[in-house]
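Enquirer:
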Amino acid sequence: MRQPDIEIYLKDADQEAVTAWLTAALGSCSPWQQKGQTYKCLAGDVPVTWLPKAVGKWHSLYLESDATPWEDDLGCARAAFAALGVEVRCAPGGWQEAQGEEDADRWIKVNAHGEEEFVWRTE
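Per my numbering, the very first residue in the sequence shown carries number 132; after that it's consecutive.
Next up, the structure:
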């Protein structure tokens, strides 16, 4: 089932490289508009939010649309790793608050060693 939006976390990723990847994957990016700590742009028709250092060295990339080439966070994480060569983390599927706090800490990392589910306590 296609997720309504996508969020991934990229380790030490360069915003310009992310912009180039988004342009190739979704269509040309509008200039980034900084609003406080976040940056926003449109990649093709997809609203994008970039939050540098959202969790330590991890940058958040949030795509506010279901009209992307990826069905879910993991598909996007795989594509981001392939294009950027940095470790990417994502939730193992759509997470609902009703699922409880324990499931909120379940993540998948995609890196040169492959894919692995793990517990990431971000607080």
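Idealized CB from N, CA, C, for every residue including glycine.
(1) What did DSSP end up calling E195 once you bin it into helix, strand or coil?
(2) Closer than 8 Å is the cut-off here; do at least three beta carbon pairs connect the segment 138-157 with the segment 205-215?
(3) Is it buried or exposed for Q134, if we count other Cβ within 10 angstroms and need 16 for buried?
(4) From L194 to C160, what distance separates their C-alpha atoms?
(5) What does DSSP give as the partner residues of C172 in its beta bridges?
(6) When you compare only the Cα positions, how much space is there between L141 and W189?
(7) To the nearest angstrom, report how far apart D204 and R220 are at their CA atoms.
(8) Would the C-beta of T169 count as close to the ligand FAD, meaning under 7 Å from any of its heavy atoms?
(9) With 16 other CB atoms within 10 Å as the buried threshold, where does A174 fall?
(10) Where does G187 fall in DSSP's three states?
(11) List the residues that DSSP assigns as beta-bridge partners of E138.
Expert: The short version:
(1) One-based indexing of the sequence shown puts residue 195 at position 64. The DSSP-derived three-state label of E195 is coil.
(2) Short answer: they touch.
(3) The residue given as residue 134 occupies position 3 in the sequence shown. Classification for Q134: buried.
(4) By one-based count along the sequence shown, residue 194 stands at place 63. By one-based count along the sequence shown, residue 160 stands at place 29. One C-alpha to the other measures close to 13 Å.
(5) Sequence index remark: in the sequence shown, residue 172 carries index 41 (1-based). DSSP lists V179 as partners of C172.
(6) Here residue 141 refers to the residue found at position 10 of the sequence shown. Here residue 189 refers to the residue found at position 58 of the sequence shown. Rounded to the nearest angstrom, the two C-alpha atoms are 5 Å apart.
(7) For the purposes of this step, residue 204 is taken as residue 73 along the sequence shown, with counting starting at 1. For the purposes of this step, residue 220 is taken as residue 89 along the sequence shown, with counting starting at 1. One C-alpha to the other measures close to 9 Å.
(8) With respect to the ligand FAD, the structure shown offers nothing to examine, as it has no ligands at all.
(9) Within the sequence shown, the letter at position 43 stands for residue 174. Buried.
(10) Residue 187 sits at position 56 when you count from the first residue of the sequence shown. DSSP places G187 in the coil class of the three-state scheme, outside both helix and strand.
(11) Indexing the sequence shown from 1 puts residue 138 at position 7. DSSP links E138 through a beta bridge to Y193.
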